[in-house]
Amino acid sequence: MIFAHLADVHLGGWRYPELQELNLKAFKKAIEICIEKKVNFVVISGDLFENAVPPVDVLKEAVSEFRRLKEANIPCYIVPGSHDYSVTGKTFIEVLEKAGLCKNVALVEEKKEKTILNFFYDKKNKVLLAGIPGKKVNLEIEFFKNLEIKISDKFKDFFKIFVFHTTLTEMKPIEEMPSISISSLPAGFDYYAGGHLHLIDIRKKENALVAYPGPLFPNNIEELEKLRGGNFFIVEYKNKEFKIEKQEIFLKDVISLEVDVSGLPIEEANLKIIREISKLDLKDKIFILRIVGCLSSGKTSEIDFENIKEKSKNAYLLLKNTSKLSTKDLELEIEAENKTIEELEKEIIELYNKQIPEEFKSYSRFILPLLENINFEKSEEEKKQDFEKRVIDSICKILNINFENDN
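Position in the sequence shown counted from 1, then plus 3, gives you our numbering.
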């Protein structure tokens, strides 16, 4: 017996059309490999879609690939993940199932304080499947408490697969993540098909395997840098022995560049960025540019992105990040002892006026008058509406503007 194990496909997850297209191509490539290798069936461990209601174009392409599987007589078994899960239970996985393109094997019932795990069996392939869906914020963990399962003796010769979409303690990358231990997985299965953790890992649970194949395509910029591509498993089970073949899907090369502009004026920072980009071969590659550091002068908005785009025009896609880029803050040193709040305010404003860029100086003359006039206090007999009007009228007079309040 041979089957494919996919997880975390996240179709529709990228806002960049170029990466959304690559995500779909990765899914198409995986289906193509499954058909070529003539797998008996496909298992998808959650997060087929990025959300419960994917875009129509994405759904259209997904349906086309599921049809290819169906035409090749390859059944597909799936559980909803935390992304394509809906509290109403109505997801597009339900639509695919209704069309006969896949089977949702997350057949759970909640009765009183018990979770009843039901089975689906594939008589042709002699496979028994059960699953638990993923939920938002790891709420599926509650399903694993007081789990009740009964496997009939008539299925003792069937290969048994448990499909789940949650975090296992032994494999989680961050300690704070809610999780369950491998020992909490229900006993009696031969293969535990995991999803949710975007990593590749295989562990043992007695004579069974617990496996995460990783995402089929990177789901964010950090994953693009780290993983470069996606993966899934082709699992062969013969004579009670497993053979797992990792299928790597790399569609585009990824190049990352971090340029530190700390201490540079904006003009030199722009020159350095262009100089560093010019050293790279970006043709048809995904280019991730991070600009970091604190500029000695100029504004972050003056980074010459038009020139950067021109220099990167041969790249398949430019992804830029300036979250760690800043400009030098104003440093105001004052002596606060024995001074009133009003005196401190006036001194701070005077120091500020000496350091701010020229283009802001025309606005600075309003600061002190505004401070003086917004220190109004509402008198006890004054109505709220009258008080607000008095404040607005005073501010408008300072700013020399008209303000009409329809209320």
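No residue lacks a Cβ here, since even glycine has one placed at the ideal position from N, Cα and C.
Owing to the predicted nature of the structure, the values given are computational and were not obtained by experimental measurement.
For residue i, which three-state DSSP category applies?
i: residue 263; result: strand
i: residue 2; result: Given a span of 4 to 410 for the chain in the structure shown, any question on residue 2 remains unanswerable.
i: residue 325; result: coil
i: residue 410; result: Here the model assigns residue 410 a pLDDT of 44, short of 50, so the residue's position is not dependable, and the following value carries that caveat. Residue state, collapsed to three classes: coil.
i: residue 135; result: strand
i: residue 178; result: coil
i: residue 125; result: strand
i: residue 190; result: coil
i: residue 320; result: strand
i: residue 108; result: coil
i: residue 116; result: coil
i: residue 292; result: strand
i: residue 93; result: coil
i: residue 173; result: coil
i: residue 102; result: coil
i: residue 72; result: helix
Note down, in chain order, each residue of its chain lying with its Cβ closer than 6 Å to the Cβ of residue i, except the 5 sequence neighbours on either side.
i: residue 131; result: 122, 124, 158, 161, 163
i: residue 408; result: A caution first: residue 408 carries a pLDDT of 48, below 50, which makes its placement in the model unreliable, though a value can still be read off. Counting only Cβ-Cβ distances below 6 Å, and skipping sequence neighbours, we find nothing.
i: residue 23; result: 17
i: residue 27; result: 64
i: residue 410; result: Note on residue 410: pLDDT 44, under 50, position unreliable in the model; no value is reported.
i: residue 183; result: 144, 147
DSSP has residue i in a bridge; who is on the other side?
i: residue 297; result: 329
i: residue 148; result: For residue 148, which the question treats as bridged, DSSP gives no partner whatsoever.
i: residue 207; result: 212
i: residue 268; result: 300
Leaving out five residues before and five after residue i in sequence, what residues of the same chain have Cβ atoms less than 8 Å from its Cβ?
i: residue 231; result: 221, 253, 256, 257
i: residue 66; result: 99, 102, 104
i: residue 416; result: In this structure the chain extends from 4 to 410, so residue 416 is not present and cannot be described.
i: residue 247; result: 205, 212, 214, 236, 237, 238, 239
i: residue 72; result: 34, 37, 38, 45, 78, 79, 104
i: residue 187; result: 147
Which residues in the same chain have their Cβ closer than 7 Å to the Cβ of residue i, if we skip the five residues on either side of it in sequence?
i: residue 62; result: 95
i: residue 401; result: 369, 372, 373, 376
Are there any heavy atoms of the ligand ATP lying less than 7 Å away from the beta-carbon of residue i, as far as the coordinates show?
i: residue 43; result: As far as ligands go, the structure on display features none, and thus does not contain the ligand ATP.
Inset, instruction - Say whether the stretch 44 to 62 touches the stretch 70 to 83, bearing in mind that this needs 3 or more beta-carbon pairs closer than 8 Å, one atom from each stretch. - result: yes
Legend entry - Any alpha helix (DSSP H) of 4 or more consecutive residues that is wholly inside the stretch 17 to 57: 20 to 39
Inset, instruction - Spell out a yes or no on whether the stretch 323 to 332 and the stretch 292 to 305 are touching, meaning 3 or more CB-CB pairs, one atom from each, closer than 8 Å. - result: Three or more Cβ pairs closer than 8 Å define a contact, and the stretch 323 to 332 meets that threshold against the stretch 292 to 305.
Legend entry - Contact between the stretch 4 to 20 and the stretch 196 to 215 (3+ Cβ pairs under 8 Å): The stretch 4 to 20 is in contact with the stretch 196 to 215.
Legend entry - Contact the stretch 224 to 240 vs the stretch 260 to 269: 3+ CB pairs below 8 Å: no
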